[in-house]
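The opening residue of the sequence shown carries number 20 in the working numbering; numbering runs sequentially from there.
All C-beta atoms, glycine included, are put in the ideal place defined by N, C-alpha and C.
First comes the structure, then the notes that go with it.
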Amino acid sequence: MIILGVILLLIGLLLPVPFLATIGGILIVVGLILWILGATGRAVGGRKHFW
20 MIILGVILLL
30 IGLLLPVPFL
40 ATIGGILIVV
50 GLILWILGAT
60 GRAVGGRKHF
70 W
């Protein structure tokens with residue numbers, strides 16, 4: 020999710036499409052929050068592991 024956010028953010032900044040930059044920024048923030056919660060051992064979405 021973080022990688023997709025970075026890609027969309029870069030595309031949105033390079034091309035005149037601010038909508039993609041906004042979506043990319045949101046994906047980066049959400050991905051970082053989920054990553055931090057998962058790293059602390061907290062269950063995310065009712066699951067501790069996704070495998």
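Proximity to residue i [Cα-Cα], best of the options
i	options	result
ILE22	VAL63, ALA62 and VAL49	VAL49
As assigned by DSSP and simplified to three states, the class of residue i
i	result
VAL63	strand
VAL48	helix
LEU28	helix
LEU39	helix
8 Å Cβ shell around residue i - same chain, five flanking residues per side excluded
i	result
PHE38	GLY31
Residue i vs residue j beta-carbon contact at 8 Å
i	j	result
LEU27	LEU46	yes
GLY43	GLY24	yes
Same chain, Cβ closer than 6 Å to residue i, five either side skipped, listed in chain order
i	result
MET20	LEU46 and GLY50
Contacting residues, own chain, Cβ-Cβ under 7 Å from residue i (five flanking each side not counted)
i	result
ALA40	LEU28, GLY31 and LEU32
* **Touch test, the stretch 25–36 against the stretch 52–66, Cβ-Cβ under 8 Å, three pairs minimum** => no
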